[in-house]
Amino acid sequence: MDLTERFWNASLTEMKQGYVQEQHHYICLLCGQSYEDGIIYPENGVLYQASKYIRVHVEKAHQSVFHYLIQMDKKLTGLTEHQNALLRQFYEGKSDAEVQKELGIGSASTIRNHRFALKEKERQSKVFLALMDLLKDNDRHAPAMVDVPKTARMVDERYNLTRKEYDEAIAKYFPQGTDGPLTTFHIQEKYKLVVLRELASKFEPGRTYTEKEINEVLKARYADFVTLRRYLIEYGFMDRKPDGSEYWIQA
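Mapping the sequence shown onto my numbering, position 247 (from 1) lands on 247, and the numbers just tick up by one.
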């Protein structure tokens with residue numbers, strides 16, 4: 001199971017804590033970092049068991065699960081920019097008057113109305129989750145869909161892709177397997193996403209690469225490696241420093 005599948009298949013409790021336990025490992029849902037049970041991990045002179053250290057990791061690497069989730073694309077969070085800003089303020093523990101002053105909107109009573117609207121959205125979300133969970137038992141014709149990468153930008157119909165379509169695209173554009181060459185990148189946008197996702201999996205999460213190292217991996221699969229590198233960044237699979245000195249995979 002890759003990181004995207006693990007993230008979307010996590011329970012609400014697991015998503016809130018930011019990690020899952022699988023067999024003898026604790027795995028961060030946000031970046032994929034794994035810690036083995038039974039191993040002792042040192043941090044600032046303190047020794048932690050894996051079950052404790054995963055929490056240290058989440059805070060150290062991601063600040064908090066809230067901060068990680070709130071920066072996801074609005075198509076994934078379902079939040080407007082205004083709601084996003086309000087939630088950030090509320091999470092910081094600010095009063096309604098402080099939020100009103102910080103955001104420069106309405107009055108303290110206006111903020112209370114926004115709080116009510118957010119609670120309504122929460123209630124609706126709970127009902128919707130229950131409905132979708134119940135639907136799984138009866139909707140026998142629903143195709144297996146490919147999960148949207150949690151780092152995706154501008155989520156739209158390009159991500160409407162079944163597992164069957166995904167596998168067929170892999171077989172067509174990587175006839176020798178994904179470790180072999182890519183036949184072409186002049187393809188529909190939805191299939192570019194398939195190709196880019198597979199290419200991104202060839203890099204290690206948490207590791208920084210030079211541009212030369214990125215190029216070497218991509219060049220082995222397609223002559224126009226510059227285009228592949230650009231698309232990996234544009235589609236949110238990869239990021240880099242402004243000066244291009246370091247590249248890394250977006251987990």
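Glycine included, C-beta positions come from ideal geometry on N, C-alpha and C.
Span of the alpha helix (DSSP H), counted from its first residue to its last, around residue i
| i | result |
| --- | --- |
| ASP239 | Here ASP239 belongs to no alpha helix (DSSP H); instead the beta strand (DSSP E) covers 238–240. |
| LEU47 | Not the alpha helix (DSSP H): LEU47 falls in the beta strand (DSSP E), residues 46–49. |
| THR4 | 3–9 |
| GLU81 | 81–91 |
| HIS103 | Position check: residue 103 holds Leu in this sequence, whereas His was assumed. Where LEU103 is concerned, the enclosing alpha helix (DSSP H) stretches over 96–103. |
| SER125 | 108–135 |
| VAL155 | Looking at the DSSP string, VAL155 is not in any alpha helix (DSSP H), and its letter there is neither H nor E. |
N-terminal and C-terminal residue of the beta strand (DSSP E) that residue i is part of
| i | result |
| --- | --- |
| TYR235 | Where TYR235 is concerned, there is no enclosing beta strand (DSSP E), given that its DSSP letter is neither H nor E. |
| ILE249 | 247–249 |
Identified DSSP bridge partners for residue i
| i | result |
| --- | --- |
| ILE27 | VAL20, SER34 |
| ILE40 | GLN49 |
| MET145 | THR162 |
Own chain, CB closer than 7 Å to residue i, minus 5 neighbours either side, in chain order
| i | result |
| --- | --- |
| ILE170 | THR178, VAL194, GLU198 |
| TYR231 | LYS192, LEU196 |
| PHE225 | ASN215, LEU218, LYS219 |
Test item: CB-CB of residue i and residue j under 7 Å
| i | j | result |
| --- | --- | --- |
| PRO205 | ILE233 | no |
| GLY18 | VAL58 | yes |
| PHE159 | VAL148 | Before going on, a small fix: residue 159 reads as Tyr here, not Phe. Yes, Cβ-Cβ distance for TYR159 and VAL148 is below 7 Å. |
| ASP73 | ALA152 | yes |
| ALA97 | ALA108 | yes |
| ARG163 | ALA144 | yes |
| LYS202 | VAL217 | yes |
| LEU211 | GLY236 | Residue identity differs from the one stated: residue 211 is Glu in this sequence, not Leu. Going by C-beta atoms, GLU211 is not nearer than 7 Å to GLY236. |
| GLN83 | VAL99 | no |
| TYR26 | ALA10 | no |
| TYR68 | LEU30 | yes |
| LYS136 | LEU161 | no |
Beta-carbon contacts of residue i that lie in its chain and below 6 Å, excluding the five residues immediately before and after
| i | result |
| --- | --- |
| GLU246 | THR208 |
| TYR53 | TYR35, TYR41 |
| PRO181 | ARG221 |
Cβ neighbours of residue i in the same chain (closer than 8 Å, five flanking residues each side left out)
| i | result |
| --- | --- |
| VAL155 | ASP73, LYS75, LEU76, VAL148 |
*Could you name each continuous alpha helix (DSSP H) segment of 4 residues or more that falls completely within the segment 173–245, going from the start of the chain to the end?*
189–200, 211–219, 225–234
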